[in-house]
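In order, the protein sequence lines correspond to chains A and B.
Read in order, the letters of the first sequence are residues 1 to 429 in our numbering.
Read in order, the letters of the second sequence are residues 1001 to 1429 in our numbering.
Using N, Cα and C, we set each Cβ at its ideal position, and we do this for glycine too.
Okay, so here's the structure we're looking at.
Protein chains: 2
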Amino acid sequence: MQSAEHRDESLDIPRVMDQLGRSARAAAARLANAAAEQKNAALNLAAGRLRERAPFILAANASDRAEAESRNQSAALLDRLSLNEDRIEGMARSLEAIAAFPDPVGRVTEERTRPNGLVIQRVNVPLGVIGIIYESRPNVTSDAGALCLKSGNAVILRGGSVGFRSSQAVQDCMAAALAETGLPGEAIQSVPTRDRAAVRYLLGQMTDTIDVVVPRGGRSLIEAVQRDARVPVIGHLEGLCHVYVDKDADPSMAREIVLNAKLRRTGICGAAETLLVDRAGTERLLAPLVGALIDAGCEVRGDAAVREADARVLPATETDWATEYLDAILSVRVVDGVDGAIEHIARYGSGHTDAVITADSGVAERFLREVDSAIVLHNASTQFADGGEFGMGAEIGISTGRIHARGPVGLEQLTSYKYRVRGAGQVRP
Amino acid sequence: MQSAEHRDESLDIPRVMDQLGRSARAAAARLANAAAEQKNAALNLAAGRLRERAPFILAANASDRAEAESRNQSAALLDRLSLNEDRIEGMARSLEAIAAFPDPVGRVTEERTRPNGLVIQRVNVPLGVIGIIYESRPNVTSDAGALCLKSGNAVILRGGSVGFRSSQAVQDCMAAALAETGLPGEAIQSVPTRDRAAVRYLLGQMTDTIDVVVPRGGRSLIEAVQRDARVPVIGHLEGLCHVYVDKDADPSMAREIVLNAKLRRTGICGAAETLLVDRAGTERLLAPLVGALIDAGCEVRGDAAVREADARVLPATETDWATEYLDAILSVRVVDGVDGAIEHIARYGSGHTDAVITADSGVAERFLREVDSAIVLHNASTQFADGGEFGMGAEIGISTGRIHARGPVGLEQLTSYKYRVRGAGQVRP
């Protein structure tokens, strides 16, 4: 959704999109009852197809990159867009890893026998048809397609405009593998035009054929999706993550966690963006933490107390508290204990991931209970906000919404459930 | 949402509704951390208030009924609207029953220790602010308010226009009990106008203050909500429920289940609306079933084969297969085995509740797996589609959506979750 330039006047968008939705719906009905072995075979075959067709995919990617460069896209976008042999191998391995996960469909998550003898089971079933809207990252095409397939869902993919050719080439591999395995190729489709009117039609009109949309990307993408959507959305907002260092924090643990939370990788949604330091611990904790960050190459923007602790600190403005830098920049504020931290996070946080560092278990438990975020951590780095680190296998993203899925969205979160009731002639009195 | 007549020109709807949303949001933050005992005390106190203020509630209800009668509303609506001493006592007892349920908030639903020592818990938390939109049924005001309170959510109620005064009187009892218990009275509010513009504003504009809307009522209400909503909706479509009688069904079990599924109560969403009979079993099963239904006072509308089995059967049209009668009327069709039944249900069903009657476990398992409904039953009546019968306690409705909740929506389904991670200084490699 990077540009509005791709008008496709010759295309009858409602007709094309309705057809896409109908064929996805039909594919979903077939896929819902497919055996795990058949889905896994398709995933492994798709991995092979990616490797075989690597030269073709790389050629498509070169065209995409040339176009992106001619449009002066950012270096970060170009990096995410770029494929090479290694990255294609990584995508193939990711498909094989997803094939090796347990099948989430058919899993009985509850069973009870009622006094009247009815046996009631709650069983995972696929959601149906999932729309994935993402940026120009060809690896998301294979990852998201594979997670949807594994969870028995048909998917309609819509990647960023400048990755259009690469995504198509990757998606073709997936669809071919499906067809070769006897599964419907229409289980993994992509929107066949870069015209944004097609996405708007999908979000606003296809309530009968799309069960849920998962937007995956930056703030502007998510906001555009939420503005246009009449289909259900599993929300992914930005990760404005905080680390609160309490007066009873161990200084060396605090330093290690803060450096890791901010600097291990700055571009991921679990990276810390704001450090909150307990006023009662400033003398012992603040200057060493800020010094270590700056020495490690991080720009620090702080309030008056923080600037006093280290002259290299730049002044923070109101905007800083609300900014997801995704870069080696950290805003730092002194707060009045855990209450002050909870209040700051309630006001500025995005409900993603927040951590407390303290040796005081009472403070820790209050933070874990009262900070209303998808993931709250005690004495651990916010960079653990990841489905793989949670033992959930691959993830499609981290939901900051409260409906259906919160936190990492893995295979389990891509399912719904039904109740199977077995009786012996019971009627209701 | 019965009438568009209630224009309220003097009211600044955006201002009033935004204020309602903000105060609900603030109440939700306080309620999320309230102790179970305090919430239960408020529920028990509310039950007492309902009993004490019964004369006042009955007076409000008499005004509502007088207005409804003057507008020639249906007898069914008048019945649902009407209160008397017994019904108020029933509402009070329902509040006490909800107080006695276990608190769904804070329950740990998953716990794992990762190889790096991190202990990850998934814990139920409230959804936040719930909007409930329903018909003119004052008992829903207390039931829905109580379920939301128990699950730690703030609620904004919007009942049908003709029950406005009764609902307000009931809601006042609940809010008073909250305040007396030291909980925020704004945790249970109702839309203070009958002007439909307020509901449209709530559904379309209040995405920041409403976390989810649960519509509860007939098809037109649900469709209006789904048309206008930009907030998430837990969908409740109609219950177009089927019973499929297989050739290997026990005839007397089939008769008992079919009569119960259709006639025990015809006005509930779990009542059967279509009977499908296996062509291979017509001789043995069809005429006795149809005869028993007609003898019990049920109107039967059938296809040619059914009319042939009993001359009293009226002809069914295409419309009948898609109609939720909610009355002593049943459409009956002969189908080609379980495949024919699955196909018919996929085409005409509403994904609510469907049952198979057979002694053949292979047929039963295929039906249970392939019929894509929230509830599928083998050898039991569709009238078991009810949260109480499922052992879930009270329910707010039966979801036919696939996102977040499917089937009975009880206390558990009114929660979200968060991840609490406890570490000892772990950083991500």
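With a threshold of 6 Å on Cβ separation, who are the neighbours of residue i within its own chain once the five nearest residues in sequence on each side are excluded?
i: residue 119/A; result: 113, 422
i: residue 146/A; result: 43, 95, 98
i: residue 1193/B; result: 1008, 1011
i: residue 408/A; result: 387, 390, 392, 395, 398
i: residue 1211/B; result: 1127, 1128, 1129
i: residue 1247/B; result: 1278, 1280, 1281
i: residue 1164/B; result: 1194
i: residue 1061/B; result: 1083, 1166
i: residue 249/A; result: 357, 358
i: residue 300/A; result: 290, 293, 294, 313, 330, 332
Once the 5 residues before and after residue i are set aside, which same chain residues still bring their CB inside 8 Å of it?
i: residue 117/A; result: 423, 424, 426
i: residue 322/A; result: 240, 348
i: residue 257/A; result: 243, 355, 357, 379, 380, 381
i: residue 1088/B; result: 1050, 1051, 1054, 1057, 1058
i: residue 1428/B; result: none
i: residue 1101/B; result: 1150, 1393, 1394, 1411
i: residue 1155/B; result: 1024, 1129, 1130, 1131, 1132, 1144, 1145, 1148, 1149, 1187, 1188, 1189
Using three-state DSSP, classify residue i as helix, strand or coil.
i: residue 424/A; result: strand
i: residue 1236/B; result: coil
i: residue 1016/B; result: helix
i: residue 89/A; result: helix
i: residue 109/A; result: strand
i: residue 245/A; result: strand
i: residue 1195/B; result: coil
i: residue 1315/B; result: strand
i: residue 1201/B; result: helix
i: residue 1331/B; result: strand
i: residue 261/A; result: helix
i: residue 344/A; result: helix
i: residue 273/A; result: strand
i: residue 1118/B; result: coil
i: residue 379/A; result: strand
i: residue 124/A; result: strand
Examine the ligand MG and report whether any of its heavy atoms sits within less than 6 Å of the Cβ of residue i.
i: residue 315/A; result: Here there are no bound small molecules, and the ligand MG is not part of this structure.
Buried or exposed: residue i, going by 16 or more other Cβ atoms within 10 Å of its Cβ?
i: residue 1297/B; result: exposed
i: residue 1419/B; result: buried
i: residue 124/A; result: buried
i: residue 104/A; result: buried
i: residue 19/A; result: exposed
i: residue 35/A; result: exposed
i: residue 1093/B; result: exposed
i: residue 315/A; result: exposed
i: residue 1460/B; result: Outside the modelled stretch of chain B, which goes from 1001 to 1429, sits residue 1460/B, for which no answer is possible.
i: residue 1162/B; result: buried
i: residue 1159/B; result: buried
i: residue 373/A; result: buried
i: residue 1131/B; result: buried
i: residue 1401/B; result: buried
Give every residue of the same chain whose Cβ lies closer than 7 Å to the Cβ of residue i, excluding the five residues on either side of it in the sequence, and list them in chain order.
i: residue 1198/B; result: 1013, 1017, 1191
i: residue 49/A; result: 173, 176, 177
i: residue 1253/B; result: 1357, 1379
Rounded to whole angstroms, how far is the Cβ of residue i from the Cβ of residue j, which I believe are closer than 8 Å?
i: residue 1334/B; j: residue 1303/B; result: 6 Å
i: residue 215/A; j: residue 225/A; result: 4 Å
i: residue 320/A; j: residue 290/A; result: With 8 Å as the limit, residue 320/A and residue 290/A do not qualify as a contact, their Cβ atoms being about 15 Å apart.
i: residue 221/A; j: residue 135/A; result: 6 Å
**OP:** Quick one: which residues of the segment 370-381 of chain A get their C-beta closer than 8 Å to a C-beta of chain B? List them in chain order.
**Re:** For the segment 370-381 of chain A, which is checked against every Cβ of chain B, the residues closer than 8 Å are 370, 372, 373, 374, 375, 376, 377, 378, 379, 380, 381.
Original post:
When Cβ atoms are compared, which residues of the segment 220-233 of chain A fall closer than 9 Å to chain B?
Top reply: Cβ contacts with chain B come from 226, 227, 229, 230, 232, 233.
Original post:
Of all the residues that make up the segment 252-279 of chain A, which are near chain B by a beta-carbon distance shorter than 7 Å?
Top reply: Sequence-ordered contacts of the segment 252-279 of chain A with chain B read 253, 256, 257, 260, 264 [C-beta pairs closer than 7 Å].
**OP:** Anything in the segment 185-211 of chain A with a Cβ closer than 8 Å to a Cβ of chain B? List those residues in chain order, please.
**Re:** Along the segment 185-211 of chain A, going in chain order, the ones with a CB nearer than 8 Å to a CB of chain B are 207, 211.
**OP:** Using a Cβ-Cβ cut-off of less than 9 Å, give me the residues of the segment 80-98 of chain A that come near chain B, in sequence order.
**Re:** Answer set for the segment 80-98 of chain A: empty.
Original post:
According to a CB-to-CB cut-off of less than 7 Å, which residues of the segment 390-422 of chain A neighbour chain B?
Top reply: Cβ contacts with chain B: 390, 391, 402, 403, 404, 406, 407, 416, 417, 418, 419, 420, 421, 422.
Subject >> Where the segment 111-139 of chain A meets chain B: residues whose CB sits under 7 Å from a CB there >> reply: Under the 7 Å Cβ criterion, the segment 111-139 of chain A contributes 112, 114, 118, 120, 127, 128.
**OP:** Can you give me, in chain order, the residues of the segment 25-51 of chain A that have a beta carbon less than 8 Å from any beta carbon in chain B?
**Re:** Listed by position, the residues of the segment 25-51 of chain A near chain B (Cβ gap below 8 Å) are 29, 32, 33.
Original post:
Using a beta-carbon distance cut-off of less than 7 Å, what residues from the segment 1163-1184 of chain B approach chain A?
Top reply: Those would be none; no residue qualifies.
**OP:** Would you list, in chain order, the members of the segment 1304-1328 of chain B that have their beta-carbon closer than 9 Å to a beta-carbon of chain A?
**Re:** Of all residues in the segment 1304-1328 of chain B, none has a C-beta nearer than 9 Å to a C-beta of chain A.
Subject >> Positions along the segment 1234-1251 of chain B whose CB lies within less than 7 Å of some CB in chain A >> reply: Within the segment 1234-1251 of chain B, no residue has a Cβ that lies closer than 7 Å to any Cβ of chain A.
Subject >> Residues of the segment 1282-1293 of chain B with Cβ closer than 9 Å to any Cβ of chain A, in chain order >> reply: Considering only beta carbons, no part of the segment 1282-1293 of chain B lies closer than 9 Å to chain A.
Subject >> Residues within the segment 354-369 of chain A neighbouring chain B, beta-carbon criterion of under 7 Å >> reply: Those would be 368, 369, in chain order.
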